[in-house]
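Remarks on the structure that follows.
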Amino acid sequence: MKIKVWGARGSVPAPGPEMNRYGGNTSCVQLDLSDGSALIIDAGTGIRTLGVGIAQNPSHINILLTHLHLDHIQGLMFFAPCFQAGSQITIWGPSSPEASLEERIARYISAPLSPVEVRELPCAVDFRDTPASEWEIGPAKIRAEAVTHRGPTLGYRITDGAQSLTYISDHEPGLGAPLDSLEPEWISGFDLARETDLLIHDCQYTDEEYPDHVGWGHSRLTDALTFARRTEAKRLMLFHHDPLHSDDFLDRFCETAKERWAELGGRNGAIEMAAETQELEVGPPSRVAAAS
Amino acid sequence: MDQKPLELILARNFLTSLSTPAFLVDQSGALIFYNEAAGAMLGISFEESGRLEASEWSRTLSPYGESGELTPIEDRAMTKALRRGRPAHGHYKIRSVRGDPFEIEASALPIVAEGGQEGAMIFFWQHGNNSRAEE
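So the protein sequences, as listed, match chains U and Y.
Going by my numbering, the letters in the first sequence line up with residues 1 to 292, in that order.
Going by my numbering, the letters in the second sequence line up with residues 1001 to 1135, in that order.
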């Protein structure tokens, strides 16, 4: 499996010259599977750029949404395949007792927020609640589980052959929970991330920023690192960057994260900061290095 | 041990932060967590006791009425919350693990998730232990 990051920013797009290297687009990751097909995880503004390439060669597109906050769906309205009659798109997302997935997404893709309605999209689009148990798309086995965030929110574990990717973009597992000592079964998202090859995880705040944002649904650095160490994730990509964090800030934040990771006993080279357009083979660093 | 449903994880996190004595039970009635305040009331911390199956903890902590008779299981607030899926309240006497008797009020709230009921939270108020509420 290989991933490409199309948007790593959290909360709101953050364009600007001081954001160019890590990028200002919100959450979107492309996952290339072993059979040549692809999955898209989240539809933040990063999906717009991704869609330009896909529009040249449309096929059945599967989009996995973690939740319906705007920074995870805003790009749907600008995803080129949505406006092609030949496209077939399946959008997976969390269920709700309140309304169907289509009805909830239509609150965004409808007047007065949008010039078109979902029913007017020329593509064939299908909305599905994620199943309670593991399901398959092509060669991928997918598991979705609810995780600690504000509102119904999913994390995903995607397995293709012997490789696994865990994506938990919005997550506050440390809320009211001592992550370093709690039993695994009481830690939100633990099973999704257990011994995964690559964990893409929320790290919106520094430890110093976090006290002003407790309960907002996002992780501070200490909790992201502790969660990764407790779950024995082989590799960690810090994700969902705060819109106030510039490239220079994220460079320093990354160095701090690496130092803290080493102090926790983490393996050298196993941690990095997500950056827009970044591509990565899913697998432990040693295997990737050998392959290249 | 299987991962707990998120609703129970959040309930435990919530109860951990409270000074109100409280239990968390799963749908089988097993006592899967209680907070420090409940531990002080019972005379044993959760870290010491660990998870207790329904048969274990209901035998040890069985509530009883004015005349000393055990409260039938179907009349207990927790049972009503688990079996009928509705809030319930009761007034009982129980004993701590040291044998100290005390009088409590118990309010049980079912925890219902998308896939059905996952368990219940039970909050306690100990008579004679909260002068502010009695003022």
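Glycine residues also receive a C-beta, built at the ideal position from the N, C-alpha and C atoms.
6 Å Cβ shell around A291 of chain U - same chain, five flanking residues per side excluded: Here residue 291 of chain U refers to the residue found at position 291 when the first sequence is read from its first residue. Residue placement at A291 of chain U is flagged as unreliable, the pLDDT there being 39, under the threshold of 50; the coordinate-derived value follows with that caveat. Closer than 6 Å at the Cβ level, and outside the excluded window around A291 of chain U, lies no residue.
If you check the beta carbons only, do I1104 of chain Y and H1091 of chain Y fall under 9 Å apart? For this step, residue 1104 of chain Y is matched to residue 104 along the second sequence. For this step, residue 1091 of chain Y is matched to residue 91 along the second sequence. The Cβ-Cβ distance between I1104 of chain Y and H1091 of chain Y falls below 9 Å.
Give the secondary structure of R287 of chain U by DSSP, where H, G and I count as helix, E and B as strand, and everything else as coil. Within the first sequence, the letter at position 287 stands for residue 287 of chain U. Annotation note: pLDDT 48 at R287 of chain U (below 50); position unreliable, no value reported.
Where do the N-terminal and C-terminal ends of the beta strand (DSSP E) with R230 of chain U fall, by residue? Residue mapping note: residue 230 of chain U aligns to position 230 of the first sequence, counting from 1. Here R230 of chain U belongs to no beta strand (DSSP E); instead the alpha helix (DSSP H) covers L221 to T231.
So with Cβ pairs under 9 Å, would you call G1119 of chain Y a contact of chain U? By one-based count along the second sequence, residue 1119 of chain Y stands at place 119. No, because no Cβ of chain U sits closer than 9 Å to the Cβ of G1119 of chain Y.
Is it the case that the segment 1018–1038 of chain Y contacts the segment 1053–1064 of chain Y, given that we only count it when at least three CB pairs across the two stretches are under 8 Å? Contact between the segment 1053–1064 of chain Y and the segment 1018–1038 of chain Y is present: 3 or more CB-CB pairs across the two stretches fall below 8 Å.
State whether the segment 168–179 of chain U contacts the segment 145–160 of chain U, with contact taken as three or more CB pairs (one from each stretch) at a distance under 8 Å. Contact between the segment 168–179 of chain U and the segment 145–160 of chain U is present: 3 or more CB-CB pairs across the two stretches fall below 8 Å.
Can you check whether the C-beta of T1016 of chain Y is within less than 9 Å of a C-beta belonging to chain U? Mapped onto the second sequence, residue 1016 of chain Y falls at position 16. True, the Cβ-Cβ gap to chain U drops below 9 Å.
Using a Cβ-Cβ cut-off of 9 Å, state whether L1006 of chain Y counts as contacting chain U. Mapped onto the second sequence, residue 1006 of chain Y falls at position 6. At least one chain U Cβ lies under 9 Å of L1006 of chain Y.
For H67 of chain U, is the classification buried or exposed, using 16 other Cβ atoms within 10 angstroms of its Cβ as the cut-off for buried? Mapped onto the first sequence, residue 67 of chain U falls at position 67. Here H67 of chain U is buried. Its C-beta has 16 or more other C-beta atoms within 10 Å.
Please classify D268 of chain U as buried or exposed, where buried requires at least 16 other C-beta atoms within 10 Å of its C-beta. The sequence position of residue 268 of chain U within the first sequence is 268, counting from 1. As written in the sequence, residue 268 of chain U is Asn, which differs from the Asp given in the question. When all chains shown are included, N268 of chain U counts as exposed.
Quick one: what's R128 of chain U bridged to in DSSP? Counted from its first residue, the first sequence places residue 128 of chain U at position 128. As DSSP reads the structure, R128 of chain U sits in a beta bridge with U:W92.
Please check the pair I63 of chain U and I105 of chain U, which I expect to be a contact at CB under 8 Å, by giving their CB distance rounded to whole angstroms. Within the first sequence, the letter at position 63 stands for residue 63 of chain U. Within the first sequence, the letter at position 105 stands for residue 105 of chain U. The pair is not a contact, with the Cβ atoms about 11 Å apart (cut-off 8 Å).
Can you tell me the Cβ-Cβ gap for D212 of chain U and S34 of chain U, rounded? I've got them flagged as a contact below 8 Å. Here residue 212 of chain U is taken as the residue at index 212 of the first sequence, counted from 1. Here residue 34 of chain U is taken as the residue at index 34 of the first sequence, counted from 1. About 44 Å; that fails the 8 Å criterion.
Which value, in whole angstroms, describes the spacing of the CA atoms of P112 of chain U and L50 of chain U? Within the first sequence, residue 112 of chain U is the residue found at index 112, counting from 1. Within the first sequence, residue 50 of chain U is the residue found at index 50, counting from 1. The straight-line gap from Cα to Cα measures roughly 26 Å.
Three-state secondary structure (DSSP) at T153 of chain U? Indexing the first sequence from 1 puts residue 153 of chain U at position 153. Coil at T153 of chain U, not helix or strand.
For V214 of chain U, is the classification buried or exposed, using 16 other Cβ atoms within 10 angstroms of its Cβ as the cut-off for buried? Taking the first sequence and counting its residues from 1, one reaches residue 214 of chain U at position 214. It is exposed - the Cβ of V214 of chain U has fewer than 16 other Cβ atoms within 10 Å.
At a cut-off of 8 Å, is E117 of chain U close to the ligand COA when judged by its beta-carbon and the heavy atoms of the ligand? Inclusion of the ligand COA in the displayed structure is not the case, the ligand content being empty and no account of it being possible.
Here's the rule: buried if 16 or more other CB atoms are within 10 angstroms of the residue's CB, otherwise exposed. What is P115 of chain U? Locating residue 115 of chain U in the first sequence gives position 115, counting from the first residue. Exposed is the label assigned to P115 of chain U, since fewer than 16 other Cβ atoms lie within 10 Å of its Cβ.
Contact the segment 1002–1022 of chain Y vs the segment 1064–1083 of chain Y: 3+ CB pairs below 8 Å: These segments do not touch.
Chain Y contacts made by the segment 147–180 of chain U, where a contact means CB separation under 7 Å: Along the segment 147–180 of chain U, the positions whose C-beta sits under 7 Å from a C-beta of chain Y are V147, T148, L175, G176 and A177, read in chain order.
Contact with chain Y by A132 of chain U, beta-carbon distance below 9 Å: The residue you call residue 132 of chain U lines up with position 132 of the first sequence. At least one chain Y Cβ lies under 9 Å of A132 of chain U.
Could you have a look at V116 of chain U and say whether DSSP puts it in helix, strand or coil? Reading the first sequence from its first residue, position 116 is the one you call residue 116 of chain U. Assignment of V116 of chain U by DSSP, reduced to helix, strand and coil, places it in the coil class.
Proximity winner among U:F227, U:S246 and U:D191, relative to L236 of chain U (alpha-carbon distances): Indexing the first sequence from 1 puts residue 236 of chain U at position 236. Checked all of U:F227, U:S246 and U:D191; the closest Cα to L236 of chain U is U:F227.
To be precise: take each residue of the segment 184–201 of chain U, compare its Cβ to all Cβ atoms of chain Y, and keep it if any distance is under 7 Å. Which residues remain? Taking 7 Å as the cut-off between beta carbons, the residues of the segment 184–201 of chain U near chain Y are E185, W186, S188, F190 and D191, in sequence order.
Within chain U, the residues that E1066 of chain Y reaches when beta carbons sit closer than 7 Å: Translated into the one-based positions of the second sequence, residue 1066 of chain Y becomes position 66. Within chain U, no residue comes near E1066 of chain Y; the closest Cβ sits about 38 Å away, beyond 7 Å.
First and last residue of the uninterrupted beta strand (DSSP E) at G217 of chain U: On the first sequence, position 217 is the one that residue 217 of chain U refers to. No beta strand (DSSP E) contains G217 of chain U, which DSSP labels as neither H nor E.
Which class does R1059 of chain Y belong to by DSSP, given the choice of helix, strand or coil? Along the second sequence, read from residue 1 onward, the residue named residue 1059 of chain Y stands at position 59. In the structure shown, R1059 of chain Y adopts helical secondary structure according to DSSP, grouped into three states.
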